[in-house]
Structure formats: C-alpha cells, structure tokens
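Comments concern the structure below.
Protein chains in written order, with our numbering: chain R, 1 to 400; chain B, 1001 to 1400.
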C-alpha cells in the first residue's frame, strides 16, 4: 500500500510538473504568482514545483515582469538548450534532419540527397550515422534527448512505430524502432508525413489556435493530415486523410492504388510531369521553354517554365489545381474545417494557382460550409514534415 | 463569497446526480455499493445521492442482485415513465412524432401526412397541436418533459435552434424556437436529420459502442451524420457530412445546389424517379411492371418493380448504389470510420443493392482503410431521425 501510494504521488508530481511546464511554454514568460493562479495550486505548491524544474535545468528565471502592486515579479521561461528533440523527414530522394530544443528553437536543419534505389535498411543506417554525428557535434547528453520523430510518406502505425505501406518508398511492414539499434534507449515515434506537417502547423505554424483543419501535401503523392478538436484524427486503423485516392474522375487514368481517376492521377507532381511529356510528344506544347530532352522534364522545370510565361506549363499547373480544388470542396462539404493548408511542392507554384483553386472551392463547395474557410499555402513550406516530426517528442513531453 | 460557494456546491450536487443517473442508465440495474465503487464516492455520499434521486422519482428500487458475500444488494434502475422527451422528424410529406421516457422506452409513435406545399408557420401550428394532444392524452406533467427535439432535412444551427437552409422544405433562416410558442417553457432542440439518425443509432441502435461512424441517409436528398470520438462532429459552422454534394461525376447533371455531378444527382430517390421516367420515355424500359402512367412512377414503384423482377428497375437501383459506393469509399479513405450505416429510403431496397455497394467500397477504397469497415443498413430504419430527435433532450439530461 505504501509503495503504491508512493507510486501515485510520484505520478501526480510528474503530472503537476508537466502542467506547469506546458503553461510556461504557452505563456513564454510567466511569474510564480500567475502559475499559482492559473493552476489553482497554492503559491507554496506552485513554488515547490518551479524550484524542482529550476533544479532540473528545464526552466530559467528570465527577467522581471510588470508589477501588479507590490514587488515586480521574477518571470520564468523554458531554458533554451536544456532538452532536445530530433525530427527526420524521409522522402523518395532526400532525408531532412531537424534538431530542435524544448523552446521549439531550431538548432540544426540539414538535408541529405538519397538515391531512390536505397533499401530501407541502408536508409536507416544513414540516418543513425547522421543522428550520432549531430549528437556529437553539439555534445548532446542523450538523457536530454526527448526522442526522435520520423515522418514517412505512407501509411504508418504510429502506436507500433511501424510503416505499414509506403508505395513511393517501396516499403511495406517495416519496423523503424527495430532498425534503430544504435541508440536503443532513445524514444522513437513514426508519423505519416502529412500528419507530421499538420502537427508542425499546429505547434509553430499557421494553425496554432485552430481546432479543425486539414493539411494537404502535394508531391509525388498527395496526402492530408486532419486535426479534429485540436488533435490528430486517426479513425479506426490510423489510416485517415487519404485524399490522394479520392476518385475525382470515374473515367480517369489508372492510379498506382489500382483504382481509376484518383486525385493523385490528376494533381501530383509525377502526374504533371507525365502530362507535360505527353503534350510535348504530341506536339501540342512545342517544348517547355528550353528543355531539349523530353526525359529531363521535372516538376521544377514545369514550374520554372510556367513562371517564365509558358502557357502549356501554366495550364498543366492550373488543370492540376482544378482537380485539387474539386477534392478540397468535397473535404469542405464533409468536414467543414476552419482552415485548409496546402504544402510541400505546392508552395513552389502556389502564386500561379492558389486563386484559381480558391475559386473552384467557392464554386463547388456548399456556400454554408465554405463561407468562413481559409485556404492558404504552408508557411513552414517543404520543411513542415521535418519540423513536425521533431515536435512529436515535444508534444509527448508537454503532455499534449 | 459564501453565496458563490453555495452556487458551486449546488452545481457539484447536480453534477454528481447526473453522473450517478447516467451510470444507472448504462448499467440498467446497479447496487448502491457498485455505484460507490464506480464513482469513487464514499458509500454514504453515493447513498445520499441515490436517496435524493429516489425522492425525485427519477429512479426506483427494482429487485435484489446477486450476493458477493453478505446480504444480497437492492438494485436501482431508472424509473420508467418518470421523465419524458418528444422527438419530431419533419420531412417533405410527413411529420413523425415520438414520445419516449428516460429509459428510452417508446410510449407513442405516430406519423402524419403533410401536404408538401404547407408553409413553415402552418407546419409549426400542426406540430404544436399534436404535441399538446400527446401531453393531454398521457396526462404528462410538463415539468417532467425534458424537451422537444426537432429533426430537419437541411442545414441547421443547433446552438441557435434555427434552420439555416432546408431546400426540399423551402425553408431558409427559420427560427423553430420562436415559432414554438404554445409551450414557452419547454426546451427545444434542432438537429439535421442525418445527425439525428446518428444520435439514434449511437443511443439505442447499432452504433452504441462505436466512437467513429457515419450514418448516410438516402431519400429525396442524401445526407450524413458523422460521429467522431463518440460525439456528433460539427466542424467550424455546424455544416458537416454534406455527402450529397460530393462531386462523383464532374461531367454529370446539374444539381439543385448549382453544381454538376453531385452524389444527389446520382443516388437520391428523386433522381431514380427521373431516371426511370427517362428510360420509359425513351422506350429503353418498356414500362416498370404495370405502371400505366409515367407520372405515377415513384421510388416505391421502382423498388416494387425491381423486387418483382423488372431488370430496368433493378439496374436503376444498382446504378444509384454504385455512385453511393464511390462516395462512401471516399469517406472511408478520408475518415477511416469503424462503421457506415445506411438509412431512410435505402432500407427498402437494401436487399437488392447492399452487396453490390459493399463490393464497390472494397474495390475503390484503400485496402488499409477499408479492411475493418462494417457497412450495414439501419436497424432503426426510417424511424431513426424521429427516435434520434427524441433522444437529444435525454442526452442533455444525462450529461452526454
């Protein structure tokens, strides 16, 4: 009984510490008196917890606040560099690594090109090497590393830390935790890349005060991360937001999922490249600006050509945006979110298509569902998933 | 300060009563000792609350439970007929009224045919007359009437108790509370008909233990009610689940929302009737069984013809189900719900099309999203919205 009570007390102590820490995080700088007032804990109890956190080095006294009568209070804030988190965004031809501290300050951000043919085991080896380099470079104490978040372009089982299916990576049923052997004591988390972006937007991006929103990422594939009531929405099996396989044209092309006319076959970067090659081959577009070899056409070259005034390239982007707008209007009719954030490759041609896409949504979605919707490009840009994956261990630490 | 404390104590007392009442509801019959154990309240405190509730007549001692050593305990249950609720389902050509008690027992259920041309004010007059008749018939004490729930086929503002837009009824911005003048002290609630069905399925139907599900109702229109994490999902403006206006065929017919190729133009009863008339006119279908006058074709006659073996009628239903399956596979990909319940008119031809619809969903939705999905017809049938609307005041009473 005594032992159990001790256990419960310990739990409550940690719970109180977490609540106080998160309150300091949200308020950025706050006095002991305000913490006592906001938590309902007595000034003494709040003071004890603050002292414990100071002793652990998680927080610091940062300055003097404004007086509300009497002595001006000492303000407390999270101590920069006291606790760390690492995020890894895995993609078809690159890996991004972000080192962040508990104040969400970015300490290091790097991108590594990866050959598309690399098998999962090799990718994990490269990542472990990079993580160790980063730890050594900054003399990080691994006790202060809250965890490593992985972002994967595919379906994941975030509870079991596994990748269920990532077709663009060629991965099926691979266990990230099992292959992360070099630092066995570090907590590892796995998230779908679009959900990782949504987590990033919610923590440090454009959805910080927003409960119901959808982040749509456009790249070689198309996916979305859905937040409902302020939390990632996971459904029955954790496979949600698969907007890329929404059928937008029942008579359309075959998709790699086996179906016909999925959004991915209309709006992904790979589709746009196929479309451009076809137009050039058929002589409908002479050539996209000064690309000589048809096989050299990439999403980037289409976007560059469109920006340089090439009508055919521009139309490819607008056509893709039209179908994306159609799919988003379906999402608006079903989920009536407050905000839609468009990310990844999209931000590179957002200036050309965003207005057109908004028009489509306003035209296609029910007026009552769409009247207050905000549709915007991601401010975190292509970094959203890497940042979001670094934030996952922070969310756990702050009890969010 | 003393007054505020008294207020808080009063609030806490009501809160405790509500928790205990809901526990009795969920367990159906439960002893004082079990209530104390489950709530963490002391046996004395739990006993005090039980006695208060007995005194108010909300609960009753019902029998003797099994002994767990010692005296066999007295069991407590909700007292049938102690508290009432009324539900009204308003539709194009009928009104359904349900009188229910707090045990979810149905005391009266009636359906009134309504001329389609009747204006809102007249409909409200008829309803008030019926409500008063019902109250008089059962000698109901209006103090014991928990409230009246209205179910409307359209967009509602459930917080403000208004109908925003119900195109099939011809209603826009009408205030139900304001027109319900005969019983000004009775609490009034308004809900969309598909959400009312979902509430019904969750309380007494086939989704009682299910957190994430979607009820799709097919009639003259097509709508859906979405439950997420065990609660109705309302989004930013309360306009969610508008599956009827999901674009399933970008080259399709014009919908009454102004858009083209919405699901409603493919799968609603009114569309099926149009389709049948067209086929007969064009001589593709000779005639639907023995319907002589083309203008007499109704959804019912199509269903009857299909059941009697008419191929053309059967194909109309299967074709409608194909598009419904397509829309549902989109919902499955986005929301990954545990269950989809199909209701209203659909249950009358479910035996002909449900297997086909399931095949489409299995074919079109991503395997990982659809593998555990259950797709079923509503067991509450066409009554789901009327029952659900009667349940709304009960949910409020039980703090749900």
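Beta carbons are placed, not taken as given, at the ideal position from N, Cα and C, and that holds for glycine.
query                                                                                                                                                                                          : result
My output table needs one value for residue 1213 of chain B: the three-state DSSP class, helix, strand or coil.                                                                                : strand
Leaving aside the five residues before and after residue 385 of chain R along the sequence, list all residues of the same chain whose C-beta is less than 6 Å from its C-beta, in chain order. : 89, 151, 193, 196, 197
For residue 168 of chain R and chain B, any beta-carbon pair shorter than 8 Å?                                                                                                                 : no
For the beta strand (DSSP E) holding residue 1198 of chain B, just list the boundary residues, first then last.                                                                                : First-last for residue 1198 of chain B: 1193 to 1203, but that is the alpha helix (DSSP H), not the beta strand (DSSP E).
Any contact between the region 1105 to 1125 of chain B and the region 1039 to 1053 of chain B? By contact I mean 3 or more CB pairs, one from each, below 8 Å.                                 : no
Got a sec? Which residues, its chain only, sit under 7 Å from residue 327 of chain R by beta carbon, not counting five neighbours each side?                                                   : 243, 246, 248, 263
Taking buried to mean at least 16 other C-beta atoms within 10 Å of its own C-beta, is residue 1337 of chain B buried or exposed?                                                              : buried
Examine chain R for any beta-carbon lying closer than 8 Å to the beta-carbon of residue 1390 of chain B, and answer yes or no.                                                                 : no
Quick one: list the residues of chain R neighbouring residue 1364 of chain B, beta-carbon separation under 7 Å, in chain order.                                                                : 247, 259
With respect to the beta strand (DSSP E) encompassing residue 1339 of chain B, which residues constitute its N-terminal and C-terminal limits?                                                 : 1339 to 1344
Is it the case that the Cβ atoms of residue 1200 of chain B and residue 1153 of chain B are separated by a distance below 8 Å?                                                                 : no
Can you name the start and end residues of the alpha helix (DSSP H) that residue 1186 of chain B belongs to?                                                                                   : Taken as a continuous stretch (DSSP letters only), residue 1186 of chain B belongs to no alpha helix (DSSP H), as it is neither H nor E.
Pop quiz: residue 375 of chain R and residue 340 of chain R are said to be a contact at Cβ under 8 Å. What is the actual Cβ separation, rounded to whole angstroms?                            : 5 Å
Can you list the residues of chain R that residue 1318 of chain B reaches, using a CB-CB cut of under 8 Å?                                                                                     : Neighbours of residue 1318 of chain B on chain R: none; closest Cβ ~15 Å, over 8 Å.
Apart from the five residues on each side of it in sequence, which residues of its chain come closer than 8 Å, Cβ to Cβ, to residue 1241 of chain B?                                           : 1192, 1194, 1195, 1214, 1223, 1224, 1225, 1226, 1233
Are the C-beta atoms of residue 1265 of chain B and some chain R residue less than 8 Å apart?                                                                                                  : no
Mind pulling the chain B residues with CB within less than 8 Å of residue 331 of chain R?                                                                                                      : 1334
Would you mind sorting residue 126 of chain R into buried or exposed? The rule is 16 or more other CB atoms within 10 Å of its CB.                                                             : exposed
Am I right that residue 1205 of chain B and residue 1380 of chain B are in contact with their C-beta atoms under 8 Å? What's the rounded C-beta distance?                                      : 5 Å
For the region 1136 to 1162 of chain B, which residues have a CB atom closer than 8 Å to at least one CB atom of chain R, in sequence order?                                                   : 1155
Would you mind telling me which residues of chain B sit closer than 7 Å to residue 337 of chain R, beta carbon to beta carbon, in chain order?                                                 : 1235, 1236
Please give the ranges of any beta strand (DSSP E) in the region 1066 to 1121 of chain B, keeping only runs that are unbroken, at least 3 residues long and fully inside the region.           : 1074 to 1078, 1084 to 1090, 1094 to 1101, 1106 to 1113
For the pair the region 1072 to 1085 of chain B and the region 1348 to 1363 of chain B, tell me if three or more CB-CB distances fall below 8 Å.                                               : no
Which residue's Cα is closest to the Cα of residue 1140 of chain B: B/1085, B/1163, B/1257?                                                                                                    : B/1085
Considering only C-alpha positions, which residue in the set B/1343, B/1131, B/1274, B/1013 is nearest to residue 1218 of chain B?                                                             : B/1343
Within 8 Å of any Cβ in chain B, is that where the Cβ of residue 30 of chain R sits?                                                                                                           : no
Using a C-beta cutoff of 8 Å, does residue 164 of chain R count as contacting chain B?                                                                                                         : yes
Here's the rule: buried if 16 or more other CB atoms are within 10 angstroms of the residue's CB, otherwise exposed. What is residue 1321 of chain B?                                          : buried
Evaluate contact between the region 112 to 132 of chain R and the region 172 to 192 of chain R, counting only Cβ atoms and requiring at least three cross-stretch pairs below 8 Å.             : yes
Figure out for me which residue from B/1133, B/1202, B/1318 has the closest Cα to the Cα of residue 1400 of chain B.                                                                           : B/1202
Do three or more CB pairs link the region 1008 to 1022 of chain B to the region 117 to 124 of chain R at distances below 8 Å?                                                                  : no
Look up residue 155 of chain R in the DSSP assignment and give the residues it is bridged to.                                                                                                  : R/165
Is it buried or exposed for residue 393 of chain R, if we count other Cβ within 10 angstroms and need 16 for buried?                                                                           : buried
Considering only the alpha carbon of each residue, which of R/387, R/155, R/175 lies closest to residue 109 of chain R?                                                                        : R/387
Would you say residue 1173 of chain B lies against chain R (beta-carbon separation less than 8 Å)?                                                                                             : no
Under a three-way DSSP split, which group does residue 1141 of chain B fall into?                                                                                                              : coil
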